[in-house]
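Residue numbers (my numbering): 8 to 258.
Positions of the beta carbon are idealized from the N, C-alpha and C atoms, including for glycine.
Predicted model, so just to flag it, every value in this text is computed and none were measured.
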C-alpha cells in the first residue's frame, strides 16, 4: 500500500525487462527460419499401399504381395503390436465342429446384436465367408486350439445362438486358447514377409494424395523417428485403419 514501495518495485521490474530484452531478441534471431523446401521429402513408388497393420491390414498386404503387386504397408506400430493382438475370445464362424450350425443363424445373431442398425449386406457377406476365412488362416499356420478329434475348437461366446435364436447357445467361436489375436498377427505378419511385403514401421499416415479427378493416388506419411516426410505414390490404396478409417470419409 506504500506508493513509494510500489514505484520502486515497478522500476526494478522494468529495469530487469530492459536487461533481458536484447538476449530475447538474440535468441529469436538465432532460431532457424523453416521454409517449405527445408523439409526432407522421400519419394517411393509402389503398386499398392495398405495403411494399417492389424488383422485386416496384414491380410490385405499379404494378399496383394502374393498376387505379385509391389506392396507397401504403413503402420504407426510394429505390426504384431497392433490392437488385434488384444483379441482373446476368438473368431465366429459357422464351421459346425461342436454341433450343427449354419451361417444364416450367425448372420441373424449379428444383425440382432447390432440392434438392426448394421449393414445387412456386409453382415451377409461376412458370415457366409467366415468359415472359408478361418480355414484359410488354419492353412496359413494359425495354431487354433483343437478338439479331441483334431478339429478347430469352438467355444460358446456371447450373443451366439442356434436356429435363429430358438435353439439355445451356439459354440461358434474359433479360438487359439486366450490369445487368438496374438496368434493371428504373428501368422499373417510372418506369411506376408515370405512374399516380400515392404513395411514402413512407426510411420504415421498424414494425408491421402488425390488427383484432379478425385482418385486416390498415394499416401503422405511421416517417419516418427526422424521427422522425414515420405510420399508413397501408388495405383491402389487400402485403408485398414480400424474404426477411425471413417475419418477419411470427410475428405
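{"Item": "Do you know whose CA, among 163, 179, 227, 93, lies nearest residue 211's CA?", "Value": "227"}
{"Item": "Helix, strand or coil for residue 182, going by three-state DSSP, please let me know.", "Value": "coil"}
{"Item": "Within the same chain, show all residues whose beta-carbon is closer than 7 Å to that of residue 171, passing over the 5 residues directly before and after it, in chain order.", "Value": "112, 115"}
{"Item": "Leaving out five residues on either side along the sequence, give the residues of the same chain with a beta carbon under 7 Å from the beta carbon of residue 284.", "Value": "Not covered by the structure: residue 284. The range shown for the chain is 8 to 258."}
{"Item": "Where do the ends of the alpha helix (DSSP H) carrying residue 68 lie?", "Value": "62-73"}
{"Item": "Would you mind reading off the limits of the beta strand (DSSP E) that contains residue 167?", "Value": "161-168"}
{"Item": "Short of 7 Å in beta carbon distance, which residues of its chain neighbour residue 86, apart from the five on each side in sequence? Order them along the chain.", "Value": "60, 65, 192, 196, 206"}
{"Item": "Between the C-alpha atoms of residue 154 and residue 244, what's the straight-line distance to the nearest angstrom?", "Value": "40 Å"}
{"Item": "In three-state terms, what does DSSP make of residue 53?", "Value": "strand"}
{"Item": "Output the distance between the C-alpha atoms of residue 120 and residue 126, rounded to the nearest integer angstrom.", "Value": "12 Å"}
{"Item": "Would you mind working out which of 185, 220, 202, 230 sits nearest residue 93, comparing C-alpha positions?", "Value": "185"}
{"Item": "Determine the extent of the alpha helix (DSSP H) in which residue 188 is found, giving its start and end residues.", "Value": "187-201"}
{"Item": "Leaving out five residues on either side along the sequence, give the residues of the same chain with a beta carbon under 7 Å from the beta carbon of residue 77.", "Value": "53, 54"}
{"Item": "Can you round the beta-carbon distance between residue 128 and residue 179 to whole angstroms, since I take them to be within the 8 Å contact cut?", "Value": "That belief does not hold up - the Cβ atoms of residue 128 and residue 179 are roughly 21 Å apart, past 8 Å."}
{"Item": "Report the option in 101, 151, 202, 100 whose CA atom is closest to the CA atom of residue 187.", "Value": "151"}
{"Item": "Tell me whether residue 147 sits in a helix, a strand or coil according to DSSP, three-state version.", "Value": "helix"}
{"Item": "Among residues of its own chain, excluding the 5 on either side of residue 73, which ones have a beta-carbon nearer than 7 Å to its beta-carbon?", "Value": "202"}
{"Item": "State the DSSP-derived secondary structure class of residue 176, mapped to helix, strand or coil.", "Value": "strand"}
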